[in-house]
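This report refers to the structure that appears directly beneath it.
Chains as they are written, first to last, in my numbering: chain X, 11 to 248; chain V, 829 to 1125.
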């Protein structure tokens, strides 16, 4: 089943003929067109070097396309000035395979940190952090350091931190890569729950089981091109 | 309220960074102290020299000893003629009695009494010529040397010129030393903040990801550099306050003239030290932040 065409009004993320070429000549993305609607849950699959990470970097404006346009909620990311990039990033939450928690801060402090450094008042921090920890099921681990947590708990903490600004989009770059299969499933269940609350989710993954089991929209990249974009798809083309 | 929150954030993070990196921070602070001690020494010495110069300037003129037994009319005529010489601001006749009175006063100021041993001493009469411009001393002295009423001429021009020369040398050498030391201090702070940035690279990465503004990322490091400068300045101000008491008599002893280096001057020096400390700290950290966090974080 292929994806239906969407209008600019419906697309939360739109890539139009996007190419990314690095200075050494490597083409990371090659004429990519992609529309992601609000509320979508998308698996981004493909072998290493296919362009998944590059695409993610485009979305969080860590990189600018060599050609083509990337739109976020109708806004051309290339036209976002450097001084405004930080505001854009508050609309996008990101979690990584290696969690990237601050080792000297507790779970509560790690989540609160994301609010402190964006100027949130103490009252808001006190209000939001417990709610986020509750959402990810870490109320009892709030005072623990990352070193005292399991991999799954660390990833939950990272997810809570990624959600501090109520982002429209949550990008998960191999969120289960460092986790055992059971824990990996728990994290995916949490991501599904977050998606059910309205957050658009883009999950880059090599985990064939999860992708095939869930039968969501799959966008497959190979050598910088989208080779498949299917709803209800398995990891591999059937 | 947003600004206060930001300020508090920057100060807390700067303090944490200073403490976390305390060996480097203290080393940078020590170089700030060194520079500011040199600066304050230079400013104090130059201040003393300048006030000495002002004193000499007020005294610079020509003193001409008169031949004995001049009549009042001759003295009046001489004074009138000398007042017409170009470069002369005013002429004052000092009688032998007035000269003796001045000598007794000078002794009294030092807590001593003039003791002539019973001898009847008569000092010479003189005229004191104030100049419109210290540079005119030689030409006025040359004009006076032609007068028969004048026996001997003395000027303080030479002393003034010597002191100007010394002052200029000290000023130039001081500025050169300050520049060298200042560059060293800035380099130390640049390095200290560079280490601070690297040691917090993970936090910076997270801050960028979660949408912290450039100001929230950069300013804690800039404030951290300012803390090094401010701490160094405060220590220096205290050191200067300790040595302030002995300084003035020492300057008088060295330069053999009144050197007004009073409380108001100390306030000026303290303000200068604090300002330079803060500016140097801010400059070093700003350079480091630009270099290692980029023009836009």
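The beta carbon of each residue, even a glycine, is placed where N, CA and C say it ideally should be.
No experiment lies behind these values; they were computed from the predicted model shown.
Quick check: residue i and residue j, are their CB atoms within less than 8 angstroms of each other?
| i | j | result |
| --- | --- | --- |
| residue 856 of chain V | residue 1020 of chain V | yes |
| residue 1009 of chain V | residue 854 of chain V | no |
| residue 958 of chain V | residue 918 of chain V | yes |
| residue 1051 of chain V | residue 1111 of chain V | no |
| residue 214 of chain X | residue 25 of chain X | no |
| residue 99 of chain X | residue 1039 of chain V | yes |
| residue 1018 of chain V | residue 1121 of chain V | no |
| residue 153 of chain X | residue 118 of chain X | yes |
| residue 881 of chain V | residue 955 of chain V | no |
| residue 836 of chain V | residue 129 of chain X | no |
| residue 877 of chain V | residue 991 of chain V | yes |
| residue 107 of chain X | residue 190 of chain X | no |
| residue 181 of chain X | residue 68 of chain X | no |
| residue 149 of chain X | residue 143 of chain X | yes |
If you drop the 5 nearest sequence neighbours on each side, which residues of the same chain put their C-beta closer than 6 angstroms to that of residue i?
| i | result |
| --- | --- |
| residue 122 of chain X | 135 and 139 |
| residue 179 of chain X | 102 and 210 |
| residue 156 of chain X | 111, 113 and 164 |
| residue 983 of chain V | 890, 965 and 969 |
| residue 218 of chain X | 245 |
| residue 845 of chain V | 1024 and 1052 |
| residue 225 of chain X | 242 |
| residue 978 of chain V | 892 and 972 |
Apply the 10 Å Cβ neighbour rule to residue i and answer buried if 16 or more other Cβ atoms are within range, or exposed otherwise.
| i | result |
| --- | --- |
| residue 896 of chain V | exposed |
| residue 242 of chain X | exposed |
| residue 1113 of chain V | buried |
| residue 269 of chain X | Because residue 269 of chain X is not part of the residues shown, which for chain X are 11 to 248, the question remains open. |
| residue 831 of chain V | exposed |
| residue 50 of chain X | buried |
| residue 1047 of chain V | buried |
| residue 851 of chain V | exposed |
| residue 32 of chain X | exposed |
| residue 34 of chain X | exposed |
| residue 94 of chain X | exposed |
| residue 74 of chain X | exposed |
| residue 1107 of chain V | exposed |
| residue 208 of chain X | exposed |
| residue 194 of chain X | buried |
| residue 973 of chain V | exposed |
| residue 85 of chain X | exposed |
| residue 18 of chain X | Residue placement at residue 18 of chain X is poorly supported in this model, since its pLDDT is 48, which falls under 50; the coordinates are not used for a value here. |
| residue 804 of chain V | A question about residue 804 of chain V goes unanswered here, because the residues of chain V that appear run from 829 up to 1125. |
| residue 177 of chain X | buried |
| residue 1031 of chain V | buried |
| residue 1012 of chain V | exposed |
| residue 254 of chain X | Residue 254 of chain X is absent from the model: chain X starts at 11 and stops at 248. |
| residue 158 of chain X | exposed |
Rounded to whole angstroms, how far is the Cβ of residue i from the Cβ of residue j, which I believe are closer than 8 angstroms?
| i | j | result |
| --- | --- | --- |
| residue 43 of chain X | residue 21 of chain X | So it is not a contact: roughly 11 angstroms between Cβ atoms. |
| residue 174 of chain X | residue 223 of chain X | That pair is no contact at about 30 angstroms. |
| residue 166 of chain X | residue 187 of chain X | So it is not a contact: roughly 15 angstroms between Cβ atoms. |
| residue 976 of chain V | residue 952 of chain V | Actually they are not in contact, since the Cβ atoms of residue 976 of chain V and residue 952 of chain V sit about 16 angstroms apart, beyond 8 angstroms. |
| residue 873 of chain V | residue 998 of chain V | 6 angstroms |
| residue 1105 of chain V | residue 860 of chain V | 6 angstroms |
| residue 192 of chain X | residue 52 of chain X | With 8 angstroms as the limit, residue 192 of chain X and residue 52 of chain X do not qualify as a contact, their Cβ atoms being about 24 angstroms apart. |
| residue 1116 of chain V | residue 1028 of chain V | Incorrect: roughly 12 angstroms between the Cβ atoms, too far for contact. |
| residue 204 of chain X | residue 185 of chain X | Incorrect: roughly 11 angstroms between the Cβ atoms, too far for contact. |
| residue 916 of chain V | residue 910 of chain V | 6 angstroms |
| residue 1093 of chain V | residue 843 of chain V | Not really, about 33 angstroms apart at Cβ, beyond 8 angstroms. |
| residue 171 of chain X | residue 120 of chain X | 6 angstroms |
| residue 1075 of chain V | residue 1102 of chain V | Actually they do not touch by this definition, with Cβ atoms about 19 angstroms apart. |
In chain order, what residues of the same chain have a beta carbon less than 7 angstroms from the beta carbon of residue i, not counting five sequence neighbours either side?
| i | result |
| --- | --- |
| residue 1100 of chain V | 871 |
| residue 39 of chain X | 28, 29, 30, 61, 64, 65 and 234 |
| residue 169 of chain X | 105, 146 and 200 |
| residue 776 of chain V | Summary: the structure shown does not reach residue 776 of chain V, with chain V confined to residues 829 through 1125, and so no result is reported for it. |
| residue 1125 of chain V | Here residue 1125 of chain V scores only 41 on pLDDT, less than 50, and its place in the model is too uncertain to base an answer on. |
| residue 309 of chain X | Since the first residue shown for chain X is 11 and the last is 248, residue 309 of chain X is missing from the structure and cannot be characterised. |
| residue 1072 of chain V | 1094 |
What residues in its chain sit with their C-beta under 8 angstroms from that of residue i, if we drop five residues either side in the sequence?
| i | result |
| --- | --- |
| residue 1118 of chain V | none |
| residue 41 of chain X | 27, 28, 29, 78 and 235 |
| residue 1006 of chain V | 863, 866, 867 and 870 |
| residue 1109 of chain V | 860, 1017, 1053, 1054, 1055, 1056, 1057, 1058 and 1060 |
| residue 232 of chain X | 56, 57 and 60 |
| residue 980 of chain V | 892 and 893 |
| residue 88 of chain X | 74, 75, 79 and 80 |
| residue 927 of chain V | 951, 952, 953 and 954 |
**OP:** Write down every uninterrupted run of the alpha helix (DSSP H) in the region 953-1031 of chain V whose length is 4 residues or greater and which is fully enclosed by it, in chain order.
**Re:** Runs of the alpha helix (DSSP H) inside the region 953-1031 of chain V: 965-972 and 985-1027.
_I'd like the ranges of any alpha helix (DSSP H) spanning at least 4 consecutive residues and lying wholly in the region 78-152 of chain X._
Segments of the alpha helix (DSSP H) lying fully in the region 78-152 of chain X: 95-99, 117-126 and 132-146.
| field | alpha helix (DSSP H) runs wholly inside the region 179-226 of chain X, at least 4 long, in chain order | value | For the region 179-226 of chain X, whole alpha helix (DSSP H) runs of length 4 or above, ordered along the chain, are 191-206 and 218-224.
Query raised in the report: Where are the alpha helix (DSSP H) runs, 4 residues long or more, that stay fully inside the region 23-70 of chain X, in chain order?
Result: Listed in chain order, the complete alpha helix (DSSP H) runs (minimum 4 residues) inside the region 23-70 of chain X are 62-69.
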